[in-house]
Amino acid sequence: MKLLVTGGAGFIGSNFVMYMLQQHPGYQIVNVDALTYAGNLENLKSIEGNTNHTFVKVDITDAQAIDQLMQQGIDVVVNFAAESHVDRSILEPEVFVKTNVLGTQLLLDAAKKYGVTKFVQVSTDEVYGTLGETGLFTEETPLQPNSPYSASKAGGDLMVRAYHETFGLPVNITRCSNNYGPYQFPEKLIPLMISRALSDQKLPVYGDGMNIRDWLYVEDHCSAIDLVIHQGKIGEVYNIGGNNERTNVHIVKTILAELGKPESLIAYVEDRPGHDRRYGIDPTKTMTQLGWKPKYSFETGIKETIRWYLDNKEWWTRIQSGAYQEYYAKQYGSRM
Ligand code: NAD
Ligand code: TDX
Numbered sequence: 001m002k003l004l005v006t007g008g009a010g011f012i013g014s015n016f017v018m019y020m021l022q023q024h025p026g027y028q029i030v031n032v033d034a035l036t037y038a039g040n041l042e043n044l045k046s047i048e049g050n051t052n053h054t055f056v057k058v059d060i061t062d063a064q065a066i067d068q069l070m071q072q073g074i075d076v077v078v079n080f081a082a083e084s085h086v087d088r089s090i091l092e093p094e095v096f097v098k099t100n101v102l103g104t105q106l107l108l109d110a111a112k113k114y115g116v117t118k119f120v121q122v123s124t125d126e127v128y129g130t131l132g133e134t135g136l137f138t139e140e141t142p143l144q145p146n147s148p149y150s151a152s153k154a155g156g157d158l159m160v161r162a163y164h165e166t167f168g169l170p171v172n173i174t175r176c177s178n179n180y181g182p183y184q185f186p187e188k189l190i191p192l193m194i195s196r197a198l199s200d201q202k203l204p205v206y207g208d209g210m211n212i213r214d215w216l217y218v219e220d221h222c223s224a225i226d227l228v229i230h231q232g233k234i235g236e237v238y239n240i241g242g243n244n245e246r247t248n249v250h251i252v253k254t255i256l257a258e259l260g261k262p263e264s265l266i267a268y269v270e271d272r273p274g275h276d277r278r279y280g281i282d283p284t285k286t287m288t289q290l291g292w293k294p295k296y297s298f299e300t301g302i303k304e305t306i307r308w309y310l311d312n313k314e315w316w317t318r319i320q321s322g323a324y325q326e327y328y329a330k331q332y333g334s335r336m
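Each residue of the sequence shown is one higher than the last, beginning at 1 in our numbering.
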């Protein structure tokens with residue numbers, strides 16, 4: 001099988017590429033990434049030299065380049081490429097629409113032109129909006145996105161739906177809860193708090209810290225997408241989550257306790273505008289129809305993650321200094 005994976009130098013995409021090469025040693029992966037600030041080829045160091053993996057620096061909004069790539073014969077497209085940070089979408093929404101809506105539509109066009117056996121859109125629970133104190137998001141929950149980020153992801157999802165309904169393109173959409181684990185860019189809650197706590201810097205908690213997110217270890221997200229690729233019923237949406245709802249302040253206090261740092265590092269700061277109060281995924285469909293089950297409890301996953309950030313300090317300090325962006329030029333500059 002030949003997969004085109006977009007966004008494979010980012011957090012989940014790079015974990016997914018490594019996971020798939022391990023699970024399916026015969027598969028070929030073409031990894032397409034624009035290497036924005038969030039793309040980091042250092043994430044893929046462990047698979048350098050693996051001939052089943054090819055990296056190509058391409059922007060998914062470049063229709064010509066995508067067309068050229070698809071000409072080689074791709075079986076399955078897995079679309080991770082996106083602008084992914086809510087706070088950035090509040091400051092600069094335009095690039096979110098460009099990549100997450102237009103980029104998705106251009107990929108769909110190429111998939112339609114060359115014919116694929118499946119197009120998997122990796123989406124998020126944030127498209128469903130926010131929950132009150134009770135209830136969970138199911139695949140039938142109406143889309144009510146509240147941030148420019150989630151609105152752009154919902155726009156991409158609706159394009160995927162339309163290409164299925166109108167052109168018969170074989171698609172699946174996955175909607176996963178908040179991921180955490182190795183290689184997550186240190187702007188997101190968990191790696192931001194770990195890296196700042198290790199440097200004894202203040203930890204900015206938005207609002208009252210009681211907003212709830214539903215956390216899933218990244219490898220469990222990858223195993224679910226693997227099942228969707230192989231067993232997902234064409235045209236269906238699959239929610240992915242492990243029933244691990246935690247308040248933000250609980251997360252931050254867990255990290256501080258694990259690192260032996262004082263809670264006095266916590267600084268309550270002004271709330272995020274439009275801040276969704278609670279996310280919670282009902283994963284029943286994915287579990288019963290695809291036989292998916294997460295491997296990691298939150299308590300195990302967070303310990304593994306903290307250990308990884310302690311062992312890979314150089315990885316995130318190079319991000320903080322910007323030095324990671326030179327890696328591409330050094331490694332690939334003369335070859336591409
Ligand atoms: P990330 O920001 O770490 O990675 C995104 C990657 O996409 C980067 O490597 C970046 O260079 C690349 N990219 C951005 N714009 C591009 C473009 N125009 N062309 C080609 N590549 C481009 O994000 P992530 O956390 O790994 O998220 C991956 C996907 O999973 C996203 O679609 C996101 O919406 C979705 N998702 C994320 C989470 C989460 O908790 N992180 C949860 C559910 C779904
Ligand atoms: O400094 C912070 N302080 C804080 O209190 C940051 C960065 C976040 N927060 C809060 C906001 C959220 O309630 O922590 C929670 C998690 O924030 P993020 O890590 O920014 O994630 P979130 O906004 O929930 O979105 C994430 O999950 C779904 C990903 O970034 C998305 O890409 C994914 O779709």
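Virtual Cβ for every residue (Gly too), placed ideally from N, Cα, C.
None of these values were measured; they are calculated from a predicted model.
| Check | Outcome |
| --- | --- |
| Distance between S123 and P93 (C-alpha atoms, nearest Å) | 18 Å |
| Beta-carbon contacts of S334 that lie in its chain and below 8 Å, excluding the five residues immediately before and after | For S334, the predicted model reports a pLDDT of 45, less than 50, meaning its position is unreliable; a value from the coordinates is still stated below. Taken in chain order, the list of residues that qualify is empty. |
| Distance between P148 and D208 (C-alpha atoms, nearest Å) | 23 Å |
| Three-way DSSP call (helix, strand, coil) for P294 in this model | coil |
| Contact under 9 Å by Cβ, T284 with I240 | no |
| V77 CB to nearest heavy atom of ligand 1 below 8 Å | no |
| Through-space distance from A162 to R307, alpha-carbon basis | 43 Å |
| V17: CB within 8 Å of a non-hydrogen atom of ligand 1 | no |
| Residue span of the alpha helix (DSSP H) that contains A110, given as start and end | T104 to Y114 |
| CB contact flag (V32, V5, <9 Å) | yes |
| For N146 and E258, the rounded distance between their alpha carbons | 33 Å |
| Where the alpha helix (DSSP H) through S123 begins and ends | Not the alpha helix (DSSP H): S123 falls in the beta strand (DSSP E), residues K118 to T124. |
| Rounded straight-line distance, which links the Cα of G115 to that of D271 | 46 Å |
| For L143 and F185, the rounded distance between their alpha carbons | 27 Å |
| Span separating the alpha-carbon of M210 from that of L136 | 17 Å |
| Every unbroken beta strand (DSSP E) inside the segment 219 to 277 [3 residues or more] | 237 to 240, 245 to 247 and 266 to 269 |
| Environment of V269 [buried if 16+ CB atoms lie within 10 Å] | exposed |
| Cβ-based burial, G232 [other Cβ within 10 Å; buried from 16] | buried |
| Between the CA atoms of F55 and Y324 - distance to the nearest angstrom | 17 Å |
| Nearest candidate by alpha-carbon position, reference N99, set A111, L108, E83 and S89 | In the sequence under discussion, the amino acid at residue 99 is Thr, which differs from the Asn named in the question. The shortest C-alpha separation from T99 is found at E83. |
| At least three beta-carbon pairs within less than 8 Å, the segment 211 to 227 to the segment 286 to 304 | yes |
| Which residues DSSP lists as bridging N179, in chain order | L216 |
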